[in-house]
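Working notes, beginning with the structure itself.
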Amino acid sequence: MLQVQVLRNNPELVKAKLAVKHFKQLELVDEIVVLDDERKKIQTEYDTIQSKVNTASKEIGKLMGQGKKEEAEQMKAEVAAYKTQVSALNEQTIATETLLHDKLILLPNLPADIVPIGKTPEENLNVKEGGIIPTLHAKAVPHWDLIKQYDLVDFETGAKITGSGFPLYKGKGAKFQRALVQYFLDFNTAAGYTEYLPPFLVNKDSAYGTGQLPDKDGQMYHATEDDLYLIPTAEVPVTNIFRDVILKEEELPVKMTAYSPCFRREAGSFGKDVRGLNRVHQFEKVEIIQIVEPEKSYEVLDQMVTHVEALLQSLELPYRILRLCGGDMSFTSALTYDFEVYSTAQERWLEVSSVSNFEGFQTNRMKCRSKDGNNKTKPVHSLNGSSLALPRIYAALVENNQVEDGILLPKALHSYFGSDRLV
RNA sequence: GGAGAGGUGGAUGAGUGGCUGAAAUCAACGGUUUGCUAAACCGUCGUACGAGUAACAUUGUACCAAGGGUUCGAAUCCCUUCCUCUCCGCCA
């Protein structure tokens with residue numbers, strides 16, 4: 036959530052930035068400023084009258100103590116006259132604040148200055164490519180054929196157990212998944228991230244804190260009996276560790292990593308996009324999250340991008356890094372880099388990581404702040420990225436390393452998998 | 001799931017209707033003292049939103065798990081929800 040102060044300071048700039056994100060309801064900005072004015076006015080009135088009531092009430096207490104019943108009764112009558120005003124003002128306050136808040140949460144985060152102008156994924160800026168696209172043997176096939184041929188993942192049985200999009204990993208296919216998770220976590224903790232294993236269901240407050248609610252309500256699985264949501268990413272539980280927390284300055288930066296399954300309803304896709312492991316309802320992911328001082332958040336974003344890049348390099352996968360354009364960014368992000376790996380048999384790029392700076396958008400909403408040496412509370416920024424999302428990495432590794440009689444593994448995974456080849 | 005006991009500031013913990021935004025202790029921070037450390041002593045030590053200021057200062061309101069209610073006045077009384085602990089049940 037944006038701070039009202041930002042809108043007050045420069046409403047026209049805010050509108051211009053919102054336009055970069057292709058946000059339509061620009062009139063909200065002015066409406067919010069007006070509501071905020073109103074809110075202040077009402078509060079001042081309320082405070083004044085409530086102050087009188089409080090003073091009078093104390094006076095009554097004293098009078099009662101002195102046994103001056105009659106005078107006390109008289110004052111009670113006076114206070115009673117304020118009561119209707121107080122309750123009316125109170126209702127106005129709540130109504131105005133609610134309206135203000137409801138409008139404020141409709142605004143997406145403002146894009147950073149370097150966000151490319153554009154609406155579609157084609158307009159994302161390709162900032163870097165790395166790795167080598169391998170030349171596959173003549174009979175090379177996409178991963179959905181390979182995993183069937185070698186019996187690594189069984190989609191049919193997964194569909195029988197649960198439904199489509201819930202893969203059942205099997206044998207070496209399951210072990211490979213486990214090896215990848217282990218490797219990614221080790222890679223992250225080696226870089227100073229503290230490992231967490233969070234709850235996989237979260238309550239409404241948490242879903243709201245990181246911005247999944249109200250924006251992405253329909254994309255999460257919802258356990259209605261208990262009003263809990265299955266997490267779409269570890270970002271939700273892990274970032275919410277610091278909801279309503281005031282950090283000490285020396286505790287920053289907070290660096291966390293977590294493995295979790297991710298659950299996404301993702302209705303509406305079809306065709307090659309959802310073939311095989313390209314898009315599923317349940318997948319595994321290892322996430323990195325940081326909470327940092329505002330002045331450092333863009334430097335940290337670059338560090339996180341470099342970190343993920345190094346991980347991809349260690350997997351010997353061809354990759355490219357995209358700076359997302361305004362139209363392709365998430366609601367909550369100020370700047371996002373997507374990582375894609377090249378899936379040689381499918382001959383297409385697959386998104387495997389998304390690294391974002393949220394600036395104060397999540398922390399403001401979550402009421403996470405820091406306190407400096409002078410006891411001043413200061414805002415903090417939050418960032419996160421996938422490091423990495425498993426299924427598409429799995430797909431790319433399987434496809435790019437296929438040989439005629441099996442599937443090889445990159446060196447980094449040999450010790451984790453216990454072999455230099457998957458099959 | 002059943003029965004009981006609780007949820008107060010960073011921590012421990014007092015507080016059953018007004019003098020309590022909250023005692024006391026500890027921790028933390030600043031200072032005095034000190035060869036150094038420790039101890040002792042003095043001081044500071046919640047958050048949010050307003051008013052005010054160049055900025056401090058100062059000041060109003062709200063907040064004692066959350067939300068409602070009673071009352072002139074609620075941490076304190078009532079209701080609902082959530083959470084924790086103990087015992088029992090169930091269970092990986």
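The opening residue of the first sequence carries number 36 in our numbering; numbering runs sequentially from there.
Every residue, glycine too, gets a C-beta built ideally from N, C-alpha and C.
Keep in mind it's a predicted model, so treat the numbers as computed, not measured.
- For VAL176, the CB contacts under 7 Å within the same chain, skipping 5 residues up- and downstream, are ALA380 in chain order.
- DSSP lists TRP384 as the bridge partner or partners of TYR377.
- Contact between the stretch 328-346 and the stretch 369-384 is present: 3 or more CB-CB pairs across the two stretches fall below 8 Å.
- Closest in C-alpha terms to LEU232, from the list PHE318, LEU220, MET110 and LEU443, comes LEU220.
- Our two residues, GLN85 and LYS104, have alpha carbons roughly 23 Å apart in a direct line.
- Distance from the Cα of LEU135 is smallest, within the candidate group GLU66, ASP148 and ILE196, for GLU66.
- Looking at the backbone, the Cα of GLY395 and that of TRP179 are separated by about 41 Å.
- The beta carbon of GLY253 sits closer than 6 Å to no other beta carbon from its chain once the five residues preceding and following it are set aside.
- Under the 10 Å beta carbon count, ARG213 is surrounded by fewer than 16 other beta carbons and is classified as exposed.
- Closest option to LEU70, judged by alpha-carbon separation, among LYS411, ALA115, GLU344 and ARG43: ARG43.
- Under the DSSP assignment, ILE149 falls outside any beta strand (DSSP E); it carries neither an H nor an E label.
- Of the candidates LEU312, MET291, GLY311 and PHE318, PHE318 places its Cα closest to the Cα of ARG299.
- Relative to THR197, the option among LEU37, ASN409 and VAL315 whose CA is nearest is VAL315.
- The straight-line gap separating the alpha-carbon atoms of GLN247 and GLY96 is approximately 49 Å.
- With respect to the C-alpha of ILE140, the residue from GLN127, GLY244 and GLY362 having the closest C-alpha is GLY244.
- Look at SER365 here: in three-state DSSP terms it is coil, with no helix or strand label.
- In this structure, VAL49 is the residue among VAL49, TYR294 and ASP261 with its C-alpha nearest to the C-alpha of ASN144.
- When only Cα atoms are considered, MET291 and THR119 end up about 51 Å apart.
- Secondary structure in the stretch 169-238: the beta strand (DSSP E) runs of 3 residues or longer, each lying completely within the stretch, are 229-231 in chain order.
- Around the beta carbon of LYS195, fewer than 16 other beta carbons lie within 10 angstroms, which makes this residue exposed.
- If the five residues before and after TYR228 are omitted, its C-beta is found closer than 7 Å to the C-beta atoms of LYS290, MET291, THR292 and ILE323, all from its own chain and listed in chain order.
- Only buried fits ASP363, as 16 or more other CB atoms lie within 10 angstroms of its CB.
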